[in-house]
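Since the structure comes first, as structure tokens, the remarks are kept for the end.
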Amino acid sequence: MANDIAGKVVKKAVKSILVSQPEPANQNSPYHKLGEKYGIQIDFRPFIEVKGVTAKEFRAQKINILEHTAVIFTSRNAIDHFFRLCKELKVEVPADMKYFCISEQTANYLQKYIVVRKRKLFTGYKTARDMFDLFKKFKNEKFLFPCSDIRKEDIPNYMEANNIEMNEAIIYRTVAADLSDLSDIYYDMIAFFSPSGIKSLFTNFPDFEQKETRIAAFGPTTASAVRDAGLHLDVEAPLPNAPSMTGAIELYIKEANE
């Protein structure tokens, strides 16, 4: 930032943005429209990678999939790696297994692997909390929670507090992607979507200095990770008048690029 003659803080214009996610397949995505509207270069680069655990690593957790009567899925990654491991371990999931999915989108993705029947599929709206009433309704089931090595505490805490039997199975890990080729490339803004993205930034560039780079963060946990890392947070999403990351960035750009 710089000061004008009147002493007012003037934001430096944003001409380039690095989005720490894969590029959307749809060329009419909000990011592409944002770039075209304001003449901004927007590049995409995932800062984290998902790596599935091996069958050997899974066996070391001493979890028997067939001892469970219900499976909880909170992401597509969990679905992919659960069924990958079942195939590698030659485990045939019984037809009467119940599935609890965090959202309709996750439930629809499950159809890639099984024939969905209403009697065995239960869906939340958007968050883990939406499933709590379902867990209580089926409290006599023995739940399996396939998850990442990095996950929220809400489901495990709820199950423990309500004496509902559940085992966690780490089936994939979230690791920092190799960003070494970006070492000499400068962006006016970097957009982050998880604390793992911030961790990846400093794993790749331990001596990273923010300088005039603006930081955008989606969600309160990501915003906290930005501040905890000693960085200045310039764009925090969602906002009441901008529920999306692109909407929040556009509000900033309107002011900075005027």
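Quick note: the sequence shown, position 215, residue 216 per my numbering, numbers continuous.
All C-beta atoms, glycine included, are put in the ideal place defined by N, C-alpha and C.
Computed from a prediction, not measured in an experiment: that's the story for all the values here.
- Query: Apart from the five residues just before and just after E166, which ones in its own chain have a Cβ nearer than 6 Å to its Cβ?
  - Reply: Closer than 6 Å at Cβ, skipping near neighbours: K143.
- Query: For the alpha helix (DSSP H) that M160 lies in, which residues bound it at each end?
  - Reply: In the DSSP assignment, M160 falls within the unbroken alpha helix (DSSP H) covering D155 to A162.
- Message: Can you check which of these residues, I216, A238 and N242, is closest to L232 by C-alpha distance?
- Response: Of I216, A238 and N242, the residue nearest in Cα terms is I216.
- Entirely enclosed beta strand (DSSP E) segments - the segment 179-223, minimum 3 residues: Scanning the segment 179-223 for uninterrupted beta strand (DSSP E) segments of 3 residues or longer gives 190-193 and 215-219, listed from N- to C-terminal end.
- Message: According to DSSP, is M167 part of a helix, a strand, or is it coil?
- Response: In the structure shown, M167 falls within a strand segment according to DSSP collapsed to helix, strand and coil.
- What separation, rounded to the nearest whole angstrom, lies between the Cα atoms of A177 and G198? Taking the straight line from one Cα to the other gives about 8 Å.
- Query: Taking the alpha carbon of P221 as the point to measure from, which residue in T214, S195, F209 and E210 has its own alpha carbon closest?
  - Reply: The candidate whose alpha carbon is nearest that of P221 is S195.
- Message: For the structure I just gave you, are there three or more beta carbon pairs, one from the segment 97-113 and one from the segment 77-87, closer than 8 Å?
- Response: Because the criterion of three Cβ pairs below 8 Å is met, the segment 97-113 and the segment 77-87 touch.
- In angstroms, rounded to a whole number, what distance separates the CA positions of I49 and L19? Computed Cα separation, rounded: 14 Å.
- Message: Here's a check: name, in chain order, each residue in its chain whose Cβ is nearer than 7 Å to the Cβ of V117, leaving out the five neighbours to either side.
- Response: Excluding sequence neighbours, V117 sits near L111.
- Following the continuous alpha helix (DSSP H) through I254, name the residue where it begins and the one where it ends. Looking at the DSSP string, the run of the alpha helix (DSSP H) that includes I254 is M246 to A257.
- Message: Going by DSSP in three states, K138 sits in which element: helix, strand or coil?
- Response: Note: K138 maps to helix in three-state DSSP.
- Query: Whose C-beta lies closer than 6 Å to the C-beta of R174 among residues of the same chain, with five residues either side of it excluded?
  - Reply: Within the same chain, Cβ atoms closer than 6 Å to the Cβ of R174 are found at K52 and D150, the five residues on either side in sequence being excluded.
- Item | Given K138 as reference, the closest of R152, C148, N163 and Y114 once Cα atoms are compared | Considering only alpha carbons, the answer is N163.
- Item | Coil, strand or helix - A238 by DSSP | In the three-state reduction of the DSSP assignment, A238 falls in the strand class.
- Classify Y32 as buried or exposed, calling it buried when 16 or more other Cβ atoms lie within 10 Å of its own Cβ. Burial state of Y32 is buried, judged by a 10 Å Cβ sphere holding 16 or more other Cβ atoms.
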